Structure formats: structure tokens, C-alpha cells
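S.K.:
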Amino acid sequence: MEGPEVLYRYRQAIELEVGRSLTSESSPMNDMLRYQLGWSADGGVNLGGKGLRPSLCLLACDAMGGDIEQALPIAAAIEMIHNFSLIHDDIEDGDELRYHRPALWSVYGRDQAIAAGIALWTLAYQTLNRSFDRGLAADRVLGARRILNQACSEMIEGQHLDLSYELRTDITMPDYIEMISRKTAALLSAALQAGALVAGADADEIERFGVFGRQLGLAFQIRDDILGIWGEGTATGKPVGADIARKKKSLPIVQAFEQVVGPDRDLLRNVYSTPAIEDEDVDVVLGVLQRWNCRYFAQGLAEDYRSHAMAALSQTKIPFESRVHFDELTSFILERDF
13 MEGPEVLYRY
23 RQAIELEVGR
33 SLTSESSPMN
43 DMLRYQLGWS
53 ADGGVNLGGK
63 GLRPSLCLLA
73 CDAMGGDIEQ
83 ALPIAAAIEM
93 IHNFSLIHDD
103 IEDGDELRYH
113 RPALWSVYGR
123 DQAIAAGIAL
133 WTLAYQTLNR
143 SFDRGLAADR
153 VLGARRILNQ
163 ACSEMIEGQH
173 LDLSYELRTD
183 ITMPDYIEMI
193 SRKTAALLSA
203 ALQAGALVAG
213 ADADEIERFG
223 VFGRQLGLAF
233 QIRDDILGIW
243 GEGTATGKPV
253 GADIARKKKS
263 LPIVQAFEQV
273 VGPDRDLLRN
283 VYSTPAIEDE
293 DVDVVLGVLQ
303 RWNCRYFAQG
313 LAEDYRSHAM
323 AALSQTKIPF
333 ESRVHFDELT
343 SFILERDF
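Have a look at this one:
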């Protein structure tokens, strides 16, 4: 499905801003960074992902009456930080596909991809500093940097939890929510906070945007979890049941281990006690999840978090038109198939 218009409104500007950070022909990493970000052969940029996080940053800035040009370097930095995390996630998870093509590490090797991820993270902060040149006050630039620093710390902690959960079957729902709050929701929250800060919002308003982003990030990740198990490969670029094969403790799996009883619980335990989950084991787990309505539960929880997000947004001072745009975007997050 296509995303809402607001998701593409700032796309070209974001792509150009990212491109300004990757124009040095002397960098030996250029080919890798261009590949990760989706540069085409003619030098144009086509971000491989949805561009959600930088779009949220600019949408928050615009909604609060801020100058988009001043926020663009920060939005571009957010997209680069996100891609740094994707590079390292793919390596740590052993995922060979990203955006319907081979992941960076599977093309250039693990060691080179690790270096490319670090390079993107470094370039992100150099890019953020261009906000000084756009006339953004120093305290706001430094405030945005602090927000992103905190989000990066949380994101890495969340990835640590995610990896550690793969070998455990005692993960609870609160454990899971804590993990995705850090790994996924932190950067979405930071994007909105940074955009509001650039526009001159006060601390309370920035906090409200942060709560909106945190709740939206939880809904986003739960929808990702649904797609990681039941998503169509033609849309997601990954086979059905991909997260099961990797022993990811996504929401449907966590719910199953908490609630499933009887023979189905024995089936789950047997599958997850094996060194590797084979294709036939994936089918067994899919059957258990279907019998216990785990997909329905997950989608319902995602919708609950989306409602919490919109409730937080209703406390902000943004105009009605901006609320409509945010509503369209949050609806897309819960309905998307990629």
C-alpha cells in the first residue's frame, strides 16, 4: 500500500540534505553508504525505507510554526542514525535482505559493514551541525543533539535486550514493551521532540510530542512484529515466518509463551528448545499462533497504543490541519503491509 501524502511531502528535501553529506568523492566508504541509503547509479538519492522518522521531525517543526530549513539537517541526521542502526541490526540478526535486496553486510562483508555503520553515525552529527549555518540558535542545536544522544543510547540498549531475549522463553509482556520502547520508540520520540524544539516549543510541549512519539513507536514496532511473522514476502522483502526462524521474541511469540497452555505449549517449548528452527517448525508455530488468535491480539494492542499516541497529541497546541496529517500517518502505520 502507498503511504499518505504527508509521508512524501518532505522526502525530496530530506534526500537532498542526506546527499549533501555524501558528496565527497575522496571517501573510500562512499559506495557502501550510497548502497545502504539507496543511491541510484546516476547520483540521485532514493531512500530505501519509508523515511518516517525524518518526516515526523519536519512535520512536528512545521506544525509548531518552525522553519523547515533549520530542521532539515537534524531530520537528515535522524535518517542517517536510523540507517546506522539498520546496518548493525542486520549483522547481529544475520538478516541477508534489506529493502528487497541483499543487506549491506552480505555484499561487503561484516567488518566493512560495521565500519560503514559507524561512519554513518559520525556523519549524522556532522550533518546536524549544519543547522548552525541555517541560523538555528546554538541552544536549540545543542538541545537537539542531546535528544538524539539519549535516543541512541536507548536504541543500543534495546538492541542488547532484543538479542539477549532470543535465547530465553521466559520473556514477559513488560519485558517486551521495555525492549521495544528503547529499540524502536526512542528514536521516533526523539524525532518529534527535536522538530518541536527547533520550532521553539517550550519544555512541556516538547514532552507531549515525546509521549506521542513513544506511544506511536510502540504501535509501529508491534505492527512490524505482525509483518515479521505474517507479512507477504513481496511487500516486506522477507519470507513468511522470518522472525520465527530467527527466534525473535516478537509480541505474538511473547504472548504465546505467556498464555498458551496444554499440548500447544509443549509444541512451542519443543520448537524453541532446538538449536535451529526449520521450515516445518515455523509452520508448527504459525499453527499455534493462529489457534490462539495471537495476530488479532497484537493488532488490537497496536491500535491501543495508537489511541494513546493521539490522546497525547491532542494535548499539544498544533492546528487542526496538522492533527489531520498526524492522524493519517498514524493510521498508515497500523495498516501498512511493509
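Mapped onto our numbering, the consecutive letters of the sequence shown carry residue numbers 13 to 350. Cβ atoms here follow ideal geometry from the backbone N, Cα and C, with glycine treated the same way. All values reported here derive from a predicted model rather than from experimental measurement.
(1) Would you say L280 and V294 are within 8 Å of each other, going by their C-beta atoms?
(2) Are the CB atoms of Q227 and I159 within a distance shorter than 8 Å?
(3) In the DSSP assignment, the alpha helix (DSSP H) including F224 goes from what residue to what residue?
(4) Starting from N282 and walking both ways along the alpha helix (DSSP H), at which residues does that stretch end?
(5) So the candidates are A211, P16 and W133; which of them puts its Cα closest to the Cα of K329?
(6) Could you please give the first and the last residue of the uninterrupted alpha helix (DSSP H) stretch that includes P85?
(7) Which value, in whole angstroms, describes the spacing of the CA atoms of E27 and P275?
(8) Below 8 Å on the Cβ atoms is my contact criterion, and I expect T184 with E270 to pass it. Report the Cβ-Cβ distance as a whole number of Å.
(9) Express the C-alpha separation of I218 and V336 in angstroms, rounding to a whole number.
(10) Let me know if L70 comes out buried or exposed under the rule of 16 or more other beta-carbons within 10 Å of its beta-carbon.
(11) I'd like to check one pair, G225 with L298: are the Cβ atoms closer than 8 Å?
(12) Between the alpha carbons of K260 and Q24, how many angstroms are there, rounded?
(13) Does DSSP put P251 in a helix, a strand or coil?
(14) Which residues does DSSP list as the beta-bridge partners of R113?
(15) Alpha carbon to alpha carbon, what distance is there between D278 and C164?
(16) Assuming P85 and S143 are in contact, meaning their beta carbons sit under 8 Å apart, how far apart are those beta carbons, in whole angstroms?
(17) Output yes or no for whether 8 Å exceeds the beta carbon distance between S33 and T134.
(18) Between W304 and A268, is the Cβ-Cβ spacing less than 8 Å?
(19) Following the continuous alpha helix (DSSP H) through G63, name the residue where it begins and the one where it ends.
(20) According to DSSP, simplified to helix, strand and coil, what is S118?
(21) So is T246 buried or exposed if we call it buried at 16+ other beta carbons inside 10 Å?
(22) Pick out whichever of D174, G63 and E91 has its Cα sitting closest to the Cα of Y20.
(23) Identify the continuous alpha helix (DSSP H) that holds G147 and give its terminal residues.
(24) Check for me: the alpha helix (DSSP H) holding M191 runs from which residue to which?
(25) So G78 and Y111 are supposed to be a Cβ contact under 8 Å. How far apart are they, rounded?
(26) Quick one: measure Cβ to Cβ for L148 and F96, integer angstroms, because I've assumed they're closer than 8 Å.
(27) Buried or exposed for S326, going by 16 or more other Cβ atoms inside 10 Å?
(28) Taking Cβ positions, are D349 and L239 nearer each other than 8 Å?
(29) Straight-line CA distance for G31 to S334?
(30) With respect to the alpha helix (DSSP H) encompassing I26, which residues constitute its N-terminal and C-terminal limits?
(31) Short check: CB of A128 to CB of I234, under 8 Å?
M.R.: Let me lay it out:
(1) no
(2) no
(3) A215 to W242
(4) P275 to Y284
(5) A211
(6) I80 to D105
(7) 52 Å
(8) 7 Å
(9) 19 Å
(10) buried
(11) no
(12) 35 Å
(13) coil
(14) R110
(15) 39 Å
(16) 5 Å
(17) no
(18) yes
(19) Taken as a continuous stretch (DSSP letters only), G63 belongs to no alpha helix (DSSP H), as it is neither H nor E.
(20) helix
(21) exposed
(22) G63
(23) G147 -> no alpha helix (DSSP H), and no H or E assigned at all.
(24) M185 to I192
(25) No, G78 and Y111 are not in contact; Cβ-Cβ is about 31 Å, not under 8 Å.
(26) Not confirmed; about 23 Å, so no contact.
(27) exposed
(28) yes
(29) 28 Å
(30) R23 to R32
(31) no
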